[in-house]
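Visitor:
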Amino acid sequence: MSDSFREVTSVSWFGRIKRAVGGVIFGLLLIVLMVIGLFWNEGRAVQTARSLAEGAGTVVSINADSVDAGNDGKLVHVSGPVTADSGLSDPDFGIAAQGLRLSRSVEMYQWKEESKSETTKKLGGGEETETTYSYSKVWDDSQIDSSDFKKPDGHQNPPMAIHSRAFQIPEGKLVAFDLDTPVLDRIDGDKNYSLSANQSAAIKATYAGTKPLSIVDGKIYLGNDNTTPALGDYRIGYELAPLGVVSIVARQAGSRFEPYQTQAGDALLMVDTGNVPADKMFAEAVSANTLITWLLRAAGLLLLTIGFALFLSPIGVILDVIPFLGSMARMGTGIIAFFLAILVGATTIAIAWFWYRPVLAMAILAAGVIAAAAVYYLGRSRKAAAPMATPSTVA
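Offset between the sequence shown (1-based) and the working numbering: plus 168.
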């Protein structure tokens with residue numbers, strides 16, 4: 169079931185110029201923030217790389233069968249099976265399980281608004297925007313506030329009374345060691361936990377609500393008919409992180425683990441599922457640091473491009489008196505914005521390298537200069553060695 173309506177709005181040429189001036193201010197702010205962000209990212213990457221290198225050089229692999237007081241304060245690596253003294257349960261539905269963490273995911277059937285706009289430039293610089301708002305009922309895991317809809321009448325959503333929630337053991341054991349929340353939170357491996365029909369009676373006995381309850385495809389369904397959902401119906405599914413073998417790199421503090429503060433600046437606390445050697449855990453952390461660095465660089469360059477585009481946007485708006493000229497100008501300013509972003513971004517990263525990694529930066533610069541000089545002199549020597557061309561004579 170869905171419906172829609174259209175709305176047409178207009179903005180004058182002067183109104184668009186005023187809006188573009190506001191965009192210039194926001195664009196300048198965005199450029200400044202991205203320059204700072206790119207510079208910070210290089211420092212973060214260097215600090216994390218140094219911390220990981222420091223940790224990889226000092227980590228000590230220990231046995232989980234006993235706690236050695238001589239390792240207190242050291243960065244240790246340990247692997248072993250996780251056990252728990254208590255089980256897991258969802259008190260709202262009486263579901264019990266054995267594991268590390270039981271996660272409840274809740275979806276409610278509700279109205280959702282979507283909009284699609286088409287903008288047309290008018291002769292004289294004005295702009296007309298036609299926006300189509302469409303409404304449909306969807307399953308969503310968070311409350312959609314229907315009061316913010318453009319057309320809330322007839323699309324009111326009921327309040328979401330049941331929410332997603334995680335139930336985790338407060339403490340666990342790794343053979344002789346104790347595991348608390350900071351470590352347990354980092355253990356992944358959640359898998360789908362399907363409910364069976366024979367659990368239906370116990371779930372109904374615990375459920376305090378008024379909606380009809382049934383088990384459908386391993387999930388709880390609250391509503392009259394799962395094939396024809398009604399507004400306010402719920403789908404509730406579960407995931408379970410089972411108990412199993414984990415590997416930890418952290419500072420030993422008695423029988424517990426806590427973050428290890430490196431001299432480089434980072435606090436190391438790494439947890440992985442399975443029996444993973446220390447060198448592999450550090451290698452994976454190095455790869456993750458590299459990936460994050462490049463993703464943040466790409467995001468920074470993209471936002472720099474947007475910032476420069478906003479800064480140059482008044483040019484296109486002014487020339488929109490004749491829409492064709494405005495479109496051509498925006499194409500040109502878009503290209504300029506892209507190259508300015510590359511120039512400013514690359515310069516910022518280069519300066520950050522000299523700031524955070526001066527020795528490496530100078531070595532790379534020196535290597536580049538030497539390579540360029542070698543190519544230049546090689547080219548000159550080949551030119552000098554080439555045989556002189558002699559003019560041909562005709563008998």
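Just so you know, even glycine gets a beta-carbon here, dropped at the ideal spot from N, CA and C. Treat the numbers as computed from the prediction; the structure is a model and nothing was measured.
Tell me the residue span of the beta strand (DSSP E) that contains residue 249.
Guide: Sequence index remark: in the sequence shown, residue 249 carries index 81 (1-based). From DSSP, the beta strand (DSSP E) with residue 249 extends over 243-251.
Visitor: Report the three-state DSSP secondary structure of residue 447 (helix, strand or coil).
Guide: For the purposes of this step, residue 447 is taken as the residue at position 279 of the sequence shown. Of the three classes helix, strand and coil, the one that applies to residue 447 here is helix, per DSSP.
Visitor: DSSP on residue 175, reduced to helix/strand/coil?
Guide: The count along the sequence shown starts at 1 and reaches residue 175 at position 7. Three-state result, residue 175: strand.
Visitor: Ignore the nearest five residues each way along the sequence and tell me which others in residue 451's own chain have a CB closer than 6 Å to its CB.
Guide: Translated into positions along the sequence shown, residue 451 becomes position 283. Closer than 6 Å at Cβ, skipping near neighbours: no residue.
Visitor: Is the separation between the beta-carbon of residue 403 and that of residue 274 shorter than 9 Å?
Guide: The sequence position of residue 403 within the sequence shown is 235, counting from 1. The sequence position of residue 274 within the sequence shown is 106, counting from 1. Taking 9 Å as the Cβ cut-off, residue 403 and residue 274 qualify as a contacting pair.
Visitor: Taking the beta carbon of residue 563 as the centre, do at least 16 other beta carbons fall within 10 Å, making it buried, or is it exposed?
Guide: The residue labelled residue 563 in the question sits at position 395 within the sequence shown. With a pLDDT of only 39 at residue 563, under 50, the local geometry of the prediction cannot be trusted, and the value read off the model is given with reservation. Around the beta carbon of residue 563, a 10 Å sphere encloses fewer than 16 other beta carbons of the protein chains shown; the residue is thus reported as exposed.
Visitor: Tell me the rounded alpha-carbon separation between residue 374 and residue 301.
Guide: Taking the first residue of the sequence shown as position 1, residue 374 is located at position 206. Taking the first residue of the sequence shown as position 1, residue 301 is located at position 133. Each residue's Cα considered, the two are about 41 Å apart.
Visitor: Between the C-alpha atoms of residue 548 and residue 542, what's the straight-line distance to the nearest angstrom?
Guide: What you label residue 548 is simply residue 380 of the sequence shown in a count that begins at 1. What you label residue 542 is simply residue 374 of the sequence shown in a count that begins at 1. About 10 Å.
Visitor: So residue 567 is in the alpha helix (DSSP H); what residue range does that whole segment cover?
Guide: In the structure displayed, the chain extends from 169 to 563; residue 567 sits before or after that span and is not available.
Visitor: So, for residue 557: in the same chain, excluding its five sequence neighbours on each side, which residues have a beta-carbon less than 6 Å away from its beta-carbon?
Guide: Looking up residue 557 in the sequence shown gives position 389. Its pLDDT being 48, under 50, residue 557 is placed unreliably by the model, and nothing is read from it.
Visitor: Kindly indicate which three-state DSSP category residue 370 falls into: helix, strand or coil?
Guide: Within the sequence shown, the letter at position 202 stands for residue 370. Residue 370: helix per DSSP, three-state reduction.
Visitor: Would you mind giving the Cβ-Cβ distance between residue 209 and residue 464, rounded to the nearest angstrom? I have them listed as a contact below 8 Å.
Guide: Translated into the one-based positions of the sequence shown, residue 209 becomes position 41. Translated into the one-based positions of the sequence shown, residue 464 becomes position 296. 5 Å between Cβ atoms; contact.
Visitor: Classify residue 333: buried if its beta carbon has 16 or more other beta carbons within 10 angstroms, exposed otherwise.
Guide: Residue mapping note: residue 333 aligns to position 165 of the sequence shown, counting from 1. Exposed, by the Cβ-count rule.
Visitor: Locate the alpha helix (DSSP H) running through residue 524, then write down its first and last residues.
Guide: Position 356 of the sequence shown, counted from the first residue, corresponds to residue 524. Element bounds for residue 524: 491-524.
Visitor: Can you tell me where the alpha helix (DSSP H) with residue 317 in it begins and where it stops?
Guide: Within the sequence shown, the letter at position 149 stands for residue 317. Neither: residue 317 is in no alpha helix (DSSP H) and is coded neither H nor E.
Visitor: Does residue 335 come out as helix, strand or coil in the three-state DSSP assignment?
Guide: The count along the sequence shown starts at 1 and reaches residue 335 at position 167. Here residue 335 sits in strand by DSSP.
Visitor: Kindly indicate which three-state DSSP category residue 266 falls into: helix, strand or coil?
Guide: Here residue 266 refers to the residue found at position 98 when the sequence shown is read from its first residue. Residue 266: coil per DSSP, three-state reduction.
Visitor: May I have the straight-line CA-CA distance separating residue 169 from residue 282, to the nearest angstrom?
Guide: For the purposes of this step, residue 169 is taken as the residue at position 1 of the sequence shown. For the purposes of this step, residue 282 is taken as the residue at position 114 of the sequence shown. Summary for residue 169: the model assigns pLDDT 47, below 50, so the residue's position carries little reliability, and this model does not support an answer.
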